[in-house]
Amino acid sequence: MRAARWNVTTGAFGVEEVPEPHVGPGEVRIAVKAAGVCLSDVHVIQGMLKPAFLREGSVTLGHEVAGVVDEVGQGVTGLAAGQRVLLLAGQFRDGMIVTRGVDYDGGWAEYAVALAGTVVPIPDGLPFEQACFVPDAVSTPWAAITTTAGVKPAQPVGVWGIGGLGVHAVQLLRAVGAAPIVAVDPLPAARARALEFGADLALDPAAGDFARTVREFTGGAGLAVAFDFAGVAAVREQAVRVLGHGGRLVLVGLGDEALTIADATRLSYLEQQVRGHYGSRPEHVQQLLALIGTGRLELSRSVSEVLPLASAAEAVRRLDQKIGDPIRIVLVP
Numbered sequence: 032m033r034a035a036r037w038n039v040t041t042g043a044f045g046v047e048e049v050p051e052p053h054v055g056p057g058e059v060r061i062a063v064k065a066a067g068v069c070l071s072d073v074h075v076i077q078g079m080l081k082p083a084f085l086r087e088g089s090v091t092l093g094h095e096v097a098g099v100v101d102e103v104g105q106g107v108t109g110l111a112a113g114q115r116v117l118l119l120a121g122q123f124r125d126g127m128i129v130t131r132g133v134d135y136d137g138g139w140a141e142y143a144v145a146l147a148g149t150v151v152p153i154p155d156g157l158p159f160e161q162a163c164f165v166p167d168a169v170s171t172p173w174a175a176i177t178t179t180a181g182v183k184p185a186q187p188v189g190v191w192g193i194g195g196l197g198v199h200a201v202q203l204l205r206a207v208g209a210a211p212i213v214a215v216d217p218l219p220a221a222r223a224r225a226l227e228f229g230a231d232l233a234l235d236p237a238a239g240d241f242a243r244t245v246r247e248f249t250g251g252a253g254l255a256v257a258f259d260f261a262g263v264a265a266v267r268e269q270a271v272r273v274l275g276h277g278g279r280l281v282l283v284g285l286g287d288e289a290l291t292i293a294d295a296t297r298l299s300y301l302e303q304q305v306r307g308h309y310g311s312r313p314e315h316v317q318q319l320l321a322l323i324g325t326g327r328l329e330l331s332r333s334v335s336e337v338l339p340l341a342s343a344a345e346a347v348r349r350l351d352q353k354i355g356d357p358i359r360i361v362l363v364p
């Protein structure tokens, strides 16, 4: 079969022919119908995000995957050939969370094998191109909002980085009643997109009156929660400065820069917090599928482009260079 593989040693990435995988006990195989391209995939290829638990020298990328059950392993119940499903973006191994398409083979391929417990049925009316990125692009901000941050209705919030995850954060914050929602991004197109998805205010982080504008817009209170989806030190420093009393900075974007607090005394005096966040859990995906099923969440606007698997390298290039200002580019075998 064809698979888009990344070599840990050489850094080479491309679509190649590999043996078809088959199921073992407790596993299912899916015929992949759609797989999302995430900035984390770009970070893996560029060497910024390194697999911590990979047991081989190369890996098939892709942690946002949907398709049809194709083979069912011994001992698997509740799943049958022909079912439409998505795959969770990771699983537990030896008590640790490992990520699909990073620490073990993912779904940029014609077939993908998964533990049965990481396979989630999807409704017939949900297109594969939208279902594939529910785990991660939508579930990661949802988990950050509802669990790590514990956002409450009418709380003022800020979102830094209106990319594939940040734009869904805006949409989901609107759904839980956060208000006002301040979106921050240096790109004019991203700021316009934030307003389209439900932000109340969209700001350029380089604006000279940035802090004053945020304070005035929140009635002088500052933000209850600031979400960093960019993973950049400057974002964190700016976000902390506009937090209110008891405010929380939630780090969602992955970055390798040092985390520093310029005025730790102020942070302590205002009883503020910095919280790390990574991924989501199965219940977050199930909650989102329920919202989609009842018409409360609609994701068609998020599919920026659909490309064949053979164009995986081009999809990565377009996302990395923000060509066409993509939310989610989707690969299909």
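Numbering (this note's numbering), first residue to last: 32 to 364. All C-beta atoms, glycine included, are put in the ideal place defined by N, C-alpha and C. Computed from a predicted structure; not experimentally measured.
Which residues DSSP lists as bridging residue i, in chain order
| i | result |
| --- | --- |
| aspartate 259 | Trp191 and Leu282 |
| leucine 350 | DSSP, once it has assigned bridges, lists no residue as partnering leucine 350. |
| isoleucine 61 | Val100 and Ala143 |
| leucine 274 | Leu254 |
| alanine 34 | Glu47 and Ala140 |
| tyrosine 135 | Arg131 |
| glycine 324 | Partner(s): none; glycine 324 has no beta bridge. |
| threonine 91 | Arg36 |
| glycine 67 | Val361 |
| phenylalanine 123 | Ile128 |
Residue range of the alpha helix (DSSP H) that includes residue i
| i | result |
| --- | --- |
| glutamine 77 | 70 to 77 |
| valine 201 | 197 to 207 |
Residue interval of the beta strand (DSSP E) (run including residue i)
| i | result |
| --- | --- |
| tyrosine 142 | 142 to 146 |
| phenylalanine 84 | Taken as a continuous stretch (DSSP letters only), phenylalanine 84 belongs to no beta strand (DSSP E), as it is neither H nor E. |
| proline 152 | 150 to 152 |
| alanine 365 | The requested residue 365 is not part of the displayed model; the chain covers only 32 to 364. |
| alanine 174 | Careful: alanine 174 lies outside any beta strand (DSSP E), inside the alpha helix (DSSP H) at 170 to 174. |
| alanine 233 | 232 to 234 |
Short Cβ contact (8 Å threshold) for residue i with residue j
| i | j | result |
| --- | --- | --- |
| arginine 60 | valine 144 | yes |
| valine 213 | alanine 200 | no |
| leucine 350 | valine 68 | yes |
| glutamate 102 | arginine 33 | no |
| tryptophan 173 | histidine 74 | no |
| proline 236 | valine 215 | yes |
| histidine 94 | glycine 137 | yes |
| proline 257 | glycine 355 | Here residue 257 turns out to be alanine, not proline, going by the sequence shown. Cβ atoms of alanine 257 and glycine 355: not closer than 8 Å. |
| leucine 232 | proline 211 | yes |
| alanine 120 | glycine 286 | no |
| proline 335 | proline 357 | In the sequence on display, residue 335 carries serine and not proline. Going by C-beta atoms, serine 335 is nearer than 8 Å to proline 357. |
| glutamine 114 | valine 100 | yes |
| leucine 254 | leucine 226 | no |
| arginine 36 | serine 71 | no |
| glycine 192 | phenylalanine 260 | yes |
| leucine 340 | valine 165 | no |
| histidine 308 | leucine 282 | yes |
| valine 116 | valine 151 | yes |
| arginine 359 | glycine 195 | yes |
| glutamate 288 | alanine 264 | yes |
| valine 361 | alanine 168 | no |
| phenylalanine 159 | alanine 97 | yes |
| leucine 80 | alanine 206 | no |
Cβ neighbour criterion (16 or more within 10 Å) applied to residue i
| i | result |
| --- | --- |
| valine 337 | exposed |
| proline 56 | exposed |
| glutamine 161 | buried |
| leucine 234 | buried |
| glutamate 302 | exposed |
| proline 217 | exposed |
| glutamine 202 | buried |
| threonine 149 | buried |
| phenylalanine 84 | exposed |
| serine 331 | exposed |
| glutamate 58 | buried |
| arginine 299 | In the sequence as presented, arginine is not what sits at residue 299; that position holds serine. Counting Cβ neighbours within 10 Å, serine 299 comes out exposed, since fewer than 16 surround it. |
| threonine 365 | The first residue shown for the chain is 32 and the last is 364, placing residue 365 beyond what the model contains. |
Reduced DSSP secondary structure (H/G/I, E/B, other) of residue i
| i | result |
| --- | --- |
| arginine 332 | helix |
| proline 219 | helix |
| threonine 40 | coil |
| glycine 181 | coil |
| arginine 312 | coil |
| leucine 157 | coil |
| phenylalanine 248 | helix |
| valine 165 | helix |
| valine 54 | coil |
| glutamine 304 | strand |
| alanine 343 | helix |
| valine 337 | strand |
| leucine 290 | coil |
| alanine 214 | strand |
| leucine 117 | strand |
| alanine 264 | helix |
| alanine 237 | coil |
| threonine 296 | helix |
| leucine 80 | coil |
| glutamine 317 | helix |
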